[in-house]
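In the numbering used here, the protein residues as written are 3 to 587. Think of the CB as a built atom: it goes at the ideal place given N, C-alpha and C, for glycine as much as any other residue. Only a predicted model underlies this, so the values are computations on that prediction, with no experimental measurement involved. Data first, discussion second: the structure below is written as C-alpha cells.
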C-alpha cells in the first residue's frame with residue numbers, strides 16, 4: 003500500500019485505512035505500507051477506533067511514515083483492542099513521529115494483550131520509539147514482548163516496550179523486552195524504571211520459566227530455546243527444500259536449506275533449525291522470509307541419516323546421506339610380542355584411518371623389516387581398515403625393526419615397532435676362586451632386565467647386573483653354574499653354562515721322632531786297680547731341632563720342648579751317680 007501521495011494526516015493501512023467499530027480476525031498482510039507526514043500508518047490499519055478489535059492476526063509488511071506521523075506494525079493510531087496478534091515487519095517514522103513495533107500511538111483506553119513485535123523500529127529527530135508502542139497516552143499493554151532493534155535520531159526517546167509512557171495510568175503489565183537485540187535497558191524511554199516491564203538477556207528470553215505468568219492463559223506456546231509463540235501459530239510448517247551433496251568425504255559440508263511457516267502459512271523468522279548426523283552438527287535460523295540455510299560437516303564414514311529438527315517442536319526431516327573416509331591421516335602397527343627368542347615368530351596387526359578415525363579399506367601398506375623376515379612385503383587393508391602378518395626373528399640377538407608405510411597423494415604416513423631378540427648370555431666365566439667361593443661373570447644381554455643364576459640345577463638368585471659372587475661353598479668341590487637372561491615381559495633366554503672347582507685345603511705336617519727319647523745311665527764299671535771313671539757325654543742344653551722342611555705347629559713345638567727337658571734331666575742324673583761312686587771310694 004503506497005499512501006505517500008495521500009494528503010497529510012491520512013490513514014494508511016495494509017488492510018484498511020481506518021477501522022471504525024469492526025473486527026479484524028485471522029488476517030495477514032505482507033508487502034509495504036507507506037504513509038505521508040502527520041498520517042496514521044499501520045501494517046493492518048492506519049487508525050483503529052474505539053470499539054474496534056484485531057485478533058489472531060499478523061503483519062510482515064514494512065511500514066514507513068513521514069514527519070510527525072504515527073506508525074505501528076499493526077496500527078498507527080489505536081484506541082480499540084489488539085489481542086493474540088503479532089508483527090514481524092520493520093517500522094520507520096520521521097521527525098517527531100510516534101513509532102512502535104505494534105502501535106504508533108495508544109490513547110482513549112486502547113489495549114494490547116498477548117501480542118509481540120519482532121522487527122526493527124526506527125525514528126527520526128525527537129521521535130518516540132518503542133518496541134511495542136511509540137507513545138502510551140492512556141490505555142494498557144499486557145503480556146507482550148519485543149525483540150526488534152530500536153534506533154532513533156537526536157533527541158529521540160527509546161524504550162524496550164514504549165518510547166514515551168504516561169506514568170499516571172500504570173498502563174503496562176507483565177511485559178518483556180530483549181536487552182541485547184533491542185539495544186535498550188529501559189522499558190520506557192522517558193523512565194529509568196518501568197513497573198510491569200522486565201528487560202532480559204536473549205538466553206533468558208528463550209526460557210519458558212521467564213514467562214511463568216503467561217502459562218495459565220493457554221494462549222502461549224512456551225518452549226525452551228525459542229522465543230514465545232502464540233498457540234495458533236503452532237504447529238509450524240517446516241520443510242527442507244534441498245540438501246547437497248548427499249554423498250561427501252568426511253569433514254566436507256552438506257548445505258541444507260528450507261523454510262518455516264506458521265499454521266496460517268506465513269513465513270516465520272528467528273526460529274532455530276538443528277542439523278545433525280554422522281558426527282556433524284550445526285544450527286541455522288530463519289530470516290524474515292522464514293528461510294534457513296545451514297551447513298553441516300559429517301565426520302563418521304558410512305551410510306547415515308542427516309536430521310533437520312525444528313528446535314523445541316519435535317518436527318524432524320530425515321535426509322539419507324553417505325559419508326566416505328577422508329585421506330590417510332594415521333597408520334598404526336602393533337606386534338603381539340615385543341621380545342622374541344632367536345628364530346621365533348610373532349604376529350603383527352595394523353590399521354589405516356583418516357583424521358576422524360574412520361577406517362580406510364582397500365589401502366595398500368608396505369612392510370619393511372630388519373633383524374628378521376616378514377610374511378609379505380605388501381598388504382591391503384580390509385573393510386575395517388586393518389592388515390596383519392607375521393615376523394620371524396633372525397638367529398642373532400639384538401634389536402629388530404618393523405615399519406609400515408602408506409603413500410598417498412604425495413604424502414607418506416608410517417608406523418614403527420621396535421622388537422628385542424633376547425639372546426643367551428655370552429662369555430660366562432669364573433674368577434677369584436677360593437676354597438669357599440668365586441666370582442661368576444658374563445656379557446650383558448640386550449633387552450634383559452635381570453639374570454637368573456643356577457647352581458647344580460637349583461635356582462640361586464636373580465640379579466640385575468651380569469655378575470654374581472658365590473660364597474660359603476665347599477673346598478675342593480666341582481660346581482655346575484647356569485645363567486639365563488630375563489626380559490621385562492617375562493621372556494626367558496637360553497642358558498649359558500660354566501664348571502668351577504674350589505681350591506682344596508693344605509694337609510697338616512707330621513712331627514719327626516727323637517732317635518733316643520729315653521736315655522739310660524751307663525752300666526757300673528768293672529773293678530780294676532786303677533779304675534777310671536767312664537766319660538759320659540755332657541748333657542745337651544738344647545732341644546732337638548725338628549726337620550727344617552716341615553712346618554712347626556703348636557703341638558709339635560710342645561712335643562719338642564718336653565723332649566728337650568727330659569734329655570737334660572737324664573744328663574744331670576748320670577753325672578750325679580758318677581760323682582757318688584767316686585766319693586764312695
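Subject >> C-alpha distance - residue 504 paired with residue 397, whole-angstrom precision >> reply: So the alpha carbons of these two residues sit roughly 36 Å apart.
**OP:** Just the C-alpha distance for residue 538 and residue 509, rounded to the nearest angstrom, thanks.
**Re:** For residue 538, the predicted structure reports a pLDDT of 44, less than 50, and the residue's modelled location is therefore unreliable. The matter cannot be settled from this model.
**OP:** Could you tell me if residue 17 is buried or exposed, where buried requires 16 or more neighbouring beta carbons within 10 angstroms of its beta carbon?
**Re:** That one is buried.
Original post:
By DSSP, does residue 340 sit in helix, in strand, or in coil?
Top reply: The answer is coil: DSSP assigns residue 340 none of H, G, I, E or B.
**OP:** Can you say whether residue 410 is buried or exposed, counting buried as having 16 or more other CB atoms within 10 angstroms of its CB?
**Re:** With fewer than 16 other Cβ atoms within 10 Å, it is exposed.
Original post:
If we call anything under 9 Å between Cβ atoms a contact, is residue 65 one with residue 36?
Top reply: Yes, Cβ-Cβ distance for residue 65 and residue 36 is below 9 Å.
Original post:
To the nearest angstrom, how far is it from the Cα of residue 375 to the Cα of residue 364?
Top reply: Answer to the nearest angstrom: the Cα atoms are 24 Å apart.
Subject >> Uninterrupted beta strand (DSSP E) stretches inside the segment 354 to 393 (no shorter than 3 residues) >> reply: Counting only runs of 3 or more, we get 366 to 372, 374 to 376, 380 to 382.
Original post:
Nearest-angstrom Cα distance between residue 295 and residue 282?
Top reply: Cα to Cα, residue 295 sits roughly 16 Å from residue 282.
Subject >> Residues that residue 425 bridges to, as DSSP identifies them >> reply: Residue 425 pairs with nothing; no bridge assigned.
Original post:
What residues are listed by DSSP as bridge partners for residue 74?
Top reply: Its beta-bridge partners are 44, 102.
Original post:
Are there 16 or more other CB atoms within 10 angstroms of the CB of residue 43, so buried, or fewer, so exposed?
Top reply: Classification of residue 43: buried, given that the 10 Å Cβ count is 16 or more.
Subject >> Rounded separation between residue 279 and residue 306 - CA only >> reply: Roughly 7 Å separates the two Cα atoms.
Original post:
Are the beta-carbon atoms belonging to residue 118 and residue 229 less than 9 Å from one another?
Top reply: In this structure, residue 229 lies closer than 9 Å to residue 118 by Cβ.
Subject >> residue 89 versus 67, 122, 109, residue with shortest Cα-Cα distance >> reply: Measuring from the Cα of residue 89, the nearest candidate turns out to be 122.
**OP:** Would you mind working out which of 169, 168, 147, 480 sits nearest residue 177, comparing C-alpha positions?
**Re:** The option with the nearest alpha carbon to residue 177 is 147.
Original post:
Thinking C-alpha only, which one of 224, 395, 245, 486 is nearest residue 235?
Top reply: Of the candidates 224, 395, 245, 486, 224 places its Cα closest to the Cα of residue 235.
Original post:
Should the segment 447 to 455 be regarded as contacting the segment 369 to 384, the criterion being three or more beta carbon pairs within less than 8 Å?
Top reply: Because the criterion of three Cβ pairs below 8 Å is not met, the segment 447 to 455 and the segment 369 to 384 do not touch.
**OP:** Pick helix, strand or coil for residue 61, following the three-state DSSP scheme.
**Re:** Three-state result, residue 61: strand.
Subject >> Reduced DSSP category for residue 218 - H, G, I as helix; E, B as strand; rest coil >> reply: DSSP places residue 218 in helix when its eight states are reduced to three.
**OP:** State buried or exposed for residue 564, treating a residue as buried only when at least 16 other CB atoms are found within 10 Å of its CB.
**Re:** Answer is exposed; the Cβ neighbour count stays below 16.
**OP:** Taking residue 208 as part of the alpha helix (DSSP H), name the residues at either end of that continuous run.
**Re:** Neither: residue 208 is in no alpha helix (DSSP H) and is coded neither H nor E.
Original post:
Quick one: what's residue 163 bridged to in DSSP?
Top reply: Answer by DSSP bridge pairing: none, since residue 163 is not bridged.
Original post:
Roughly how many angstroms separate the alpha carbons of residue 386 and residue 162, rounded to a whole number?
Top reply: Straight-line measurement puts the Cα of residue 162 at about 59 Å from the Cα of residue 386.
Original post:
Quick one, are the C-beta atoms of residue 100 and residue 72 less than 9 Å apart?
Top reply: Going by C-beta atoms, residue 100 is nearer than 9 Å to residue 72.
**OP:** Could you pull the start and end residues of the alpha helix (DSSP H) that residue 235 belongs to?
**Re:** From DSSP, residue 235 is part of no alpha helix (DSSP H); its letter is neither H nor E.
Original post:
Of all the beta strand (DSSP E) runs that stay within the bounds of the segment 467 to 511, which reach a length of 3 or more residues?
Top reply: Listed in chain order, the complete beta strand (DSSP E) runs (minimum 3 residues) inside the segment 467 to 511 are 469 to 472, 480 to 489, 494 to 503.
**OP:** Tell me whether the beta-carbon of residue 448 lies closer than 9 Å to the beta-carbon of residue 492.
**Re:** No, the Cβ-Cβ distance between residue 448 and residue 492 is not below 9 Å.
**OP:** Would you give the residue range spanned by the alpha helix (DSSP H) that residue 181 belongs to?
**Re:** Its alpha helix (DSSP H) spans residues 181 to 184.
Original post:
Assuming residue 59 contacts residue 29 under a Cβ cut-off of 8 Å, what Cβ separation, rounded to an integer in Å, is found between them?
Top reply: Right, the Cβ-Cβ distance comes to about 4 Å (below 8 Å), so this counts as a contact.
Original post:
Mind checking whether residue 499 and residue 487 have CB atoms under 9 Å apart?
Top reply: In this structure, the beta-carbon distance from residue 499 to residue 487 does not fall below 9 Å.
Original post:
Quick one: Cα of residue 431 to Cα of residue 477, how far?
Top reply: For residue 431 and residue 477, the distance between alpha carbons rounds to 19 Å.
Subject >> Cα-Cα separation, residue 429 to residue 335 >> reply: Taking the straight line from one Cα to the other gives about 36 Å.
**OP:** Mind checking which residues open and close the beta strand (DSSP E) that includes residue 149?
**Re:** Boundaries for residue 149: no beta strand (DSSP E) harbours it, and the DSSP string shows neither H nor E there.
**OP:** Starting from residue 118, follow its DSSP beta bridges and name the residues at the other end.
**Re:** Answer by DSSP bridge pairing, in chain order: 88, 147.
**OP:** Whole angstroms is fine: what's the gap from residue 319's alpha carbon to residue 131's?
**Re:** Going from the Cα of residue 319 to the Cα of residue 131 covers about 41 Å.
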